[in-house]
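Chains as they are written, first to last, in the numbering used here: chain A, 30 to 266; chain B, 446 to 800.
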């Protein structure tokens, strides 16, 4: 019997991803306590909870992977409650990853058929992490994204979490992404190395002009230049 | 400073860029490689054909050409005739067909290598055939010259013989006229008496006698020429070095050995450079932080492409890395999920717990 994929994860690969995600949330300023003094006390008053959206220009750029890793890393690093919300009503990628296919989710909450706690699922071995699925109801994603109920729902999530990570749709494929991004406190745009073009990124940033874009993350970066050439020429990444 | 994107393009398509650079010279060498050619040559000493009037083939007395140049021209004129080429082919052991004749014509090269030295070479795929053809050219030429000399001598002797016969008849006629006049005028020959008619007849006889003598001298000269023709021809066309059996094929030229592969290498480089230029100019993908300059938002970080599923053998072979694309993405998500823990418990959190 084949072991589950997650059971075959290389620890070095996981550490590599963790460090990369850590760099992202440090630069993006997602520390819930903000800067601390030498005794570990908060210099300023604790920040409020943050809702972060993760989107990308195209499918397959890795936004779901980054969303999962970011949520996992935030709860792991800060030990605070984190909720990962599958807001991609087209692909339901987070649901599949956590084995929650067909479960009620965000669309059912927004349609009023259920309440948020009923669609919030815990993650094994990560007591501080929750997953909210996109839901299975046949609702119009455009109406869900623009629903007035979404704002209080996000607020409700932020009340019980330090971070809420939204896995948004691909911006160039769904105009729901800009609408959902506006509901977040900040948006991270994931671009795929060697695939996403500058024109596509400019288009995404234009579409997200009403949202607060925290920054860009280059995913699946792999340089073709041998390391000795990079060292010789003093190339930076 | 080399743009990073250009370097990325070079190393991303390194093997593709290398193919024309390697293949073009190899293809050029393979296509330009000829089968081995064996060259056999003979050296001939040629002189101006003095004293053999009309005994040579061609114009041997052109003052503006060296004997070797004259002889080269003569021999090429002969080589342009199918009968001469066929005769050489037969002498070399081939059949006398048009194909063999053309083969001989294409394989023979004649050139002056000095004022009097002539080089006759034959180049074929067989050392034996090359030697036979080179020898055959000389042999057939000598046969042609001998034949021509004999024919011209015969014509000359025949001509002078006829002329002498006619001149002798005229002399006899004039002598008869003189004798008849002398019989009719016995005192015409007396000394001290001037008979103009007799003097005219005597003069006619003397003139005709000189004509006959002259013709006899020319006939003797022609006969002498015919008798000395072999020696004269040997002096005029003397083989110094006979055609030898070549022991090694003719070495390839420097142009073929180095020039063509070098030109092909430059051509391959041009193809690769053109491809690289197109690749570089049409690549608008984001590959480095340089591509994200001038953006209103910062670069938060880069996620390296995860090494892949350790259990997937294909991941280890770079040319086939594209095959397990979905597997790689699934593996990346598994790695991401493993940061926090394993899969979801599948049961919703109670409202109280959620709060």
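Backbone N, C-alpha and C define an ideal beta-carbon position, used for all residues, glycine too.
Check: Rounded C-alpha distance that separates residue 599 of chain B from residue 684 of chain B; Outcome: 27 Å
Check: Residue 162 of chain A versus residue 93 of chain A: straight-line alpha-carbon distance, rounded; Outcome: 13 Å
Check: Inter-residue Cα distance where the pair is residue 572 of chain B and residue 590 of chain B; Outcome: 28 Å
Check: CB contact below 8 Å: residue 244 of chain A versus chain B; Outcome: yes
Check: According to DSSP, residues forming a beta bridge with residue 85 of chain A; Outcome: A/199
Check: Own chain, CB closer than 8 Å to residue 134 of chain A, minus 5 neighbours either side, in chain order; Outcome: 115, 124, 148, 161, 162, 163, 164 and 165
Check: Nearest-angstrom beta carbon gap, residue 529 of chain B and residue 585 of chain B [assumed within contact, 8 Å]; Outcome: 6 Å
Check: Exposure label - residue 634 of chain B; buried when at least 16 CB within 10 Å; Outcome: exposed
Check: Spatial neighbours of residue 497 of chain B in its chain, beta-carbon cut-off 6 Å, leaving aside the 5 residues before and after; Outcome: Note that residue 497 of chain B scores a pLDDT of 39, beneath 50, so its modelled location is shaky; the value from the coordinates is reported in the next line. Contacts found: 677.
Check: Listed by chain order, chain D residues near residue 227 of chain A by CB distance under 7 Å; Outcome: Structure shown: chain D not included; protein chains present are A and B.
Check: Where the beta strand (DSSP E) through residue 683 of chain B begins and ends; Outcome: 682-686
Check: Chain A within 8 Å of residue 447 of chain B, Cβ atoms only; Outcome: yes
Check: Rounded C-alpha distance that separates residue 483 of chain B from residue 532 of chain B; Outcome: 21 Å
Check: Beta-carbon proximity of residue 470 of chain B to residue 706 of chain B, cut-off 8 Å; Outcome: yes
Check: Burial state of residue 652 of chain B (16 or more Cβ within 10 Å); Outcome: exposed
Check: Per-residue contacts from residue 463 of chain B into chain A (C-beta, under 8 Å); Outcome: Correct list: empty, because the minimum Cβ distance to chain A is about 14 Å.
Check: Spatial distance of residue 457 of chain B from residue 224 of chain A (CA atoms); Outcome: 13 Å
Check: Where the alpha helix (DSSP H) through residue 231 of chain A begins and ends; Outcome: 227-236
Check: Residue 694 of chain B: first and last residue of the uninterrupted alpha helix (DSSP H) it sits in; Outcome: Residue 694 of chain B -> no alpha helix (DSSP H), and no H or E assigned at all.
Check: Nonlocal neighbours in the same chain, by C-beta distance under 8 Å from residue 476 of chain B, ignoring five residues either side; Outcome: none
Check: As assigned by DSSP and simplified to three states, the class of residue 191 of chain A; Outcome: coil
Check: Close beta carbons around residue 40 of chain A, own chain, < 7 Å, minus the five adjacent residues each side; Outcome: none
Check: C-beta atoms of residue 570 of chain B and residue 480 of chain B nearer than 8 Å; Outcome: yes
Check: Among A/251, A/139, A/112 and A/169, the one whose alpha carbon lies nearest that of residue 186 of chain A; Outcome: A/112
Check: Beta-carbon proximity of residue 583 of chain B to residue 555 of chain B, cut-off 8 Å; Outcome: no
Check: Where the alpha helix (DSSP H) containing residue 617 of chain B begins and where it ends; Outcome: 572-629
Check: Residue burial classification, residue 192 of chain A (beta-carbon count within 10 angstroms, cutoff 16); Outcome: buried
Check: Alpha helix (DSSP H) segments (min. 4 residues) lying fully within the segment 107-184 of chain A; Outcome: 122-126, 135-140 and 170-174
Check: C-beta neighbour in chain A for residue 780 of chain B, strict 8 Å; Outcome: yes
Check: Minimum C-alpha distance to residue 150 of chain A - residue among A/144, A/159 and A/142; Outcome: A/159
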